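Asks: Input: one structure, supplied below.
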Amino acid sequence: MTTDLDLAPPPVPLGGGRTAVPIDVSAVTALLRFDGASRTATGTATLRFATGPAAGCPVLDLRQPVTGVRLDGAPLPLDALVRRDLGGGAGAEVLVLNRALPAGTAHTLRLDYTVGLPQAPAGGSHPPALTWSAGPRLTLSFGFTDLAPGRYLESWVPANLIWDRYAIDLELVVTGTPVEHRVVTNGAVTAAGPNHWRVAFPPRSSALSPMVEVRAADTLTSATTTVALPTGGAPVTVEALALRSDTTVDPAAAAADVAGWLAENAASIGRYVHGGRFTAFLIRGGMEYDGACTASRGSLRHEVFHSWWGRGVTPAAQADGWWDEGWNVYHDRGGSEVRPFDFAEPPVTLSPHDPFTRATPIAAYSTGAAAVRRGSGARLARGAHRVDG
Numbered sequence: 014m015t016t017d018l019d020l021a022p023p024p025v026p027l028g029g030g031r032t033a034v035p036i037d038v039s040a041v042t043a044l045l046r047f048d049g050a051s052r053t054a055t056g057t058a059t060l061r062f063a064t065g066p067a068a069g070c071p072v073l074d075l076r077q078p079v080t081g082v083r084l085d086g087a088p089l090p091l092d093a094l095v096r097r098d099l100g101g102g103a104g105a106e107v108l109v110l111n112r113a114l115p116a117g118t119a120h121t122l123r124l125d126y127t128v129g130l131p132q133a134p135a136g137g138s139h140p141p142a143l144t145w146s147a148g149p150r151l152t153l154s155f156g157f158t159d160l161a162p163g164r165y166l167e168s169w170v171p172a173n174l175i176w177d178r179y180a181i182d183l184e185l186v187v188t189g190t191p192v193e194h195r196v197v198t199n200g201a202v203t204a205a206g207p208n209h210w211r212v213a214f215p216p217r218s219s220a221l222s223p224m225v226e227v228r229a230a231d232t233l234t235s236a237t238t239t240v241a242l243p244t245g246g247a248p249v250t251v252e253a254l255a256l257r258s259d260t261t262v263d264p265a266a267a268a269a270d271v272a273g274w275l276a277e278n279a280a281s282i283g284r285y286v287h288g289g290r291f292t293a294f295l296i297r298g299g300m301e302y303d304g305a306c307t308a309s310r311g312s313l314r315h316e317v318f319h320s321w322w323g324r325g326v327t328p329a330a331q332a333d334g335w336w337d338e339g340w341n342v343y344h345d346r347g348g349s350e351v352r353p354f355d356f357a358e359p360p361v362t363l364s365p366h367d368p369f370t371r372a373t374p375i376a377a378y379s380t381g382a383a384a385v386r387r388g389s390g391a392r393l394a395r396g397a398h399r400v401d402g
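In the numbering used here, the protein residues as written are 14 to 402.
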């Protein structure tokens, strides 16, 4: 059996003769149902995975309350999933399936769960949201952030850590409301009925790839444009969206700016690897996804640049996530200044080199950018990121 565990963390002894082991996830499928009548939500998800060369207890994560567990179709008690700190510290704990599986074997793990705000540390400028307003109208935001652990896909759907790549298929259903809703996403959307969508993400995806927002359609405004990139290929369609209530945002102007930056980046860096789309949701703060972002007007250029650095070339592990932020901030400031290192300055930890680190330090935006500015950007990048696409 072929597995891709090149970037996986090492096995970790749990005591009692058991070992937590990384797994290679090949696909995640999930159904999320949101009911406006009861203001409740539920999830059912299946991970298809294989163990590697070491036998042991699989490592994964989900930040929602689990109500059912099935391994290879057989029910397990809820305490078969235990939360453990494998070295990342408070908030970075993972789920360990407390069943030792043989090396080199394929399995499915199905989890049923209730859905609410993620049980994960706060952080980020556009936090997760699951609220209802009159109509009823759903506001759902996956609200990823690099700055707090457990705040990627695992906030809503069981997932592996960010070193792994796998296909992700989401089915989203909104019931108990006559109001038309819309999914704002970088995935491929197929309408399956009123307020019912299937959203597919390719096998190159990881836990930090999917942007997912669900809003009442009458709360959104949008504009689209297309751009032919100098690296060739099909034109890229850019869609910029904003809340209709936010009259300070001009989606057409934002879409035009994004198109220009895509062409500029392709000319100076290379091929855009995210297909024929870029989706920008102009709302607040800034967070990058694969060929997409949530952003304020001021952070938009930075987030577009991430589709090359951070979500094109991606962190090999969370401990490496500081580099693309430092590099991108350096680019934001002109990308030309070089200064020598001052070795009299006190040290700052940008990468703790713990494989279970799960947050990018805020110093990445300041000290990280300074480290790049001081002429070591290429050396710092070596081995820290992977190229996809």
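Ideal Cβ placement from N, Cα and C applies to all residues, glycine included. Bear in mind the structure is a predicted one, so any value in this text is a computation, not a measurement.
(1) Mind checking who Glu184 pairs with in its DSSP beta bridge?
(2) Using DSSP with H/G/I as helix, E/B as strand and the rest coil, what is Arg52?
(3) So, with DSSP's three-state summary, where would you put Leu130?
(4) Is Ala63 closer than 9 Å to Gly117 when the C-beta atoms are compared?
(5) Arg195 bridges to which residues according to DSSP?
(6) Considering only the beta carbon of each residue, do His287 and Asn341 sit closer than 9 Å?
(7) Which same chain residues, not among the five before or five after Val400, have their C-beta less than 7 Å away from its C-beta?
(8) Mapping the DSSP letters down to three states, classify Trp335 as helix, strand or coil.
(9) Check whether the stretch 252 to 259 and the stretch 167 to 184 are in contact - that is, three or more C-beta pairs closer than 8 Å.
(10) Give me the residue from Ala87, Pro78, Leu89 with the minimum Cα distance to Val96.
(11) Excluding the 5 residues preceding and the 5 following Thr260 in the sequence, name in chain order all residues of the same chain whose CB lies nearer than 8 Å to its CB.
(12) What are the uninterrupted segments assigned as beta strand (DSSP E) that are 3 or more residues long and contained completely in the stretch 231 to 256, given in chain order?
(13) Work out the CA separation of Ala204 and Leu393 for me, nearest whole Å.
(14) State the start and end residues of the unbroken alpha helix (DSSP H) segment that holds Arg314.
(15) Determine, using beta carbons only, whether Pro131 and Arg76 come nearer to each other than 9 Å.
(16) Return yes when the Cβ of Gly65 is within less than 9 Å of the Cβ of Leu18, no when it is not.
(17) Helix, strand or coil: how does DSSP classify Trp322 here?
(18) If you drop the 5 nearest sequence neighbours on each side, which residues of the same chain put their C-beta closer than 8 Å to that of Arg31?
(19) Take the Cβ of His139 as the centre, count every other Cβ of all protein chains shown within 10 Å, and call the residue buried at 16 or more, exposed below.
(20) State the CB to CB distance for the pair Ala220 and Pro162, rounded to an integer number of angstroms; the pair is presumed to be in contact (CB under 8 Å).
(21) Hey, how far is the Cα of Pro23 from the Cα of Ala67?
(22) So what does DSSP say about Trp340, is it helix, strand or coil?
(23) Rounded to the nearest angstrom, what separates Ala279 and Thr80 at their Cα positions?
(24) Restricting to Cα atoms, I'd like to know which of Thr373, Gln331, Val385, Gly334 is closest to Pro353.
(25) Which value, in whole angstroms, describes the spacing of the CA atoms of Pro368 and Thr239?
(26) Where Asp303 and Gly246 are concerned, what is the direct C-alpha to C-alpha distance, given to the nearest angstrom?
(27) Go through the stretch 102 to 158 residue by residue and report every complete run of the beta strand (DSSP E) that reaches 3 residues or more, in order.
(28) Between Val187 and the rest of its own chain, which residues show a CB-CB distance below 6 Å, the 5 nearest in sequence each way excluded?
(29) Roughly how many angstroms lie between the CA atoms of Ile296 and Ala267, to the nearest whole one?
(30) Alpha carbon to alpha carbon, how far is Gln331 from Ala397? Give it in angstroms, no decimals.
(31) Nearest-angstrom Cα distance between Arg290 and Val227?
(32) Could you check the C-alpha separation between Gly156 and Trp210 for me, to the nearest Å?
(33) What residues in its chain sit with their C-beta under 7 Å from that of Pro215, if we drop five residues either side in the sequence?
(34) Under the rule that 16 or more other beta-carbon atoms within 10 Å means buried, what is Ala147, buried or exposed?
Replies: According to the structure data:
(1) Locating residue 184 in the sequence shown gives position 171, where the first residue counts as 1. Beta-bridge pairing links Glu184 to Leu44, Arg211.
(2) In the sequence shown, counting from the first residue as 1, residue 52 sits at position 39. If DSSP states are grouped into helix, strand and coil, Arg52 belongs with coil.
(3) Residue numbering aside, residue 130 sits at position 117 when the sequence shown is read from its first letter. Reduced to three states, the DSSP call for Leu130 is coil.
(4) On the sequence shown, position 104 is the one that residue 117 refers to. On the sequence shown, position 50 is the one that residue 63 refers to. Yes.
(5) By one-based count along the sequence shown, residue 195 stands at place 182. Paired residues: Arg228.
(6) On the sequence shown, position 274 is the one that residue 287 refers to. On the sequence shown, position 328 is the one that residue 341 refers to. No; because the gap between Cβ atoms is not below 9 Å, this pair is not in contact.
(7) Within the sequence shown, residue 400 is the residue found at index 387, counting from 1. With a pLDDT of 48 at Val400, under the threshold of 50, the modelled position of this residue cannot be trusted; read the value that follows with caution. Contacts found: Val326.
(8) As a position in the sequence shown, residue 335 is number 322, starting the count at 1. Trp335: helix per DSSP, three-state reduction.
(9) no
(10) As a working note, residue 96 is residue 83 in the sequence shown. According to the sequence displayed, residue 96 carries Arg and not Val. The shortest C-alpha separation from Arg96 is found at Pro78.
(11) Here residue 260 refers to the residue found at position 247 of the sequence shown. Same-chain partners within the cutoff: there are none.
(12) 233 to 240, 249 to 256
(13) What you label residue 393 is simply residue 380 of the sequence shown in a count that begins at 1. What you label residue 204 is simply residue 191 of the sequence shown in a count that begins at 1. For Leu393, the pLDDT reaches just 46, beneath the cut-off of 50, and the residue's location in the model is therefore unreliable, leaving the point undetermined.
(14) On the sequence shown, position 301 is the one that residue 314 refers to. Run containing Arg314: 313 to 318, per the alpha helix (DSSP H) assignment.
(15) What you label residue 131 is simply residue 118 of the sequence shown in a count that begins at 1. What you label residue 76 is simply residue 63 of the sequence shown in a count that begins at 1. In this structure, Arg76 lies closer than 9 Å to Pro131 by Cβ.
(16) One-based indexing of the sequence shown puts residue 18 at position 5. One-based indexing of the sequence shown puts residue 65 at position 52. Against a cut-off of 9 Å, the Cβ pair of Gly65 and Leu18 comes out as a contact.
(17) Stepping through the sequence shown from its first residue, residue 322 is reached at position 309. Three-state DSSP puts Trp322 in a strand.
(18) Residue 31 sits at position 18 when you count from the first residue of the sequence shown. The residues are Gly69, Cys70, Asn111, Ala113.
(19) Taking the first residue of the sequence shown as position 1, residue 139 is located at position 126. Buried, since its Cβ has 16 or more Cβ neighbours within 10 Å.
(20) Working through the sequence shown from its first residue, we reach residue 220 at position 207. Working through the sequence shown from its first residue, we reach residue 162 at position 149. Not really, about 12 Å apart at Cβ, beyond 8 Å.
(21) Taking the first residue of the sequence shown as position 1, residue 23 is located at position 10. Taking the first residue of the sequence shown as position 1, residue 67 is located at position 54. In a straight line, the C-alpha of Pro23 is about 10 Å away from that of Ala67.
(22) The residue you call residue 340 lines up with position 327 of the sequence shown. Three-state result, Trp340: helix.
(23) Here residue 279 corresponds to residue number 266 of the sequence shown, with the count starting at 1. Here residue 80 corresponds to residue number 67 of the sequence shown, with the count starting at 1. Their Cα atoms are separated by approximately 46 Å.
(24) Reading the sequence shown from its first residue, position 340 is the one you call residue 353. Cα-wise, what sits closest to Pro353 is Val385.
(25) On the sequence shown, residue 368 is found 355 positions in, with the first residue counted as 1. On the sequence shown, residue 239 is found 226 positions in, with the first residue counted as 1. When rounded, the distance between both Cα atoms is 40 Å.
(26) Stepping through the sequence shown from its first residue, residue 303 is reached at position 290. Stepping through the sequence shown from its first residue, residue 246 is reached at position 233. Straight-line Cα distance between these residues: approximately 18 Å.
(27) 107 to 110, 119 to 127, 142 to 146, 150 to 154
(28) Walking along the sequence shown from the start, residue 187 turns up at place 174. Here the set comprises Phe47, Leu151, His194, Asn208.
(29) Along the sequence shown, read from residue 1 onward, the residue named residue 296 stands at position 283. Along the sequence shown, read from residue 1 onward, the residue named residue 267 stands at position 254. Rounded to whole angstroms, Ile296 to Ala267 spans 12 Å at the Cα level.
(30) Counted from its first residue, the sequence shown places residue 397 at position 384. Counted from its first residue, the sequence shown places residue 331 at position 318. Interpretation of Ala397 is limited by its pLDDT of 49, a score under 50 that renders its predicted location unreliable; no figure is taken from the coordinates.
(31) Residue mapping note: residue 290 aligns to position 277 of the sequence shown, counting from 1. Residue mapping note: residue 227 aligns to position 214 of the sequence shown, counting from 1. So the two alpha carbons sit approximately 18 Å from each other.
(32) Within the sequence shown, residue 156 is the residue found at index 143, counting from 1. Within the sequence shown, residue 210 is the residue found at index 197, counting from 1. Spanning the two alpha carbons is a distance of roughly 19 Å.
(33) Within the sequence shown, numbered from 1, the residue matching residue 215 stands at position 202. Ala180.
(34) In the sequence shown, residue 147 corresponds to position 134, counting from 1. Ala147 comes out exposed.
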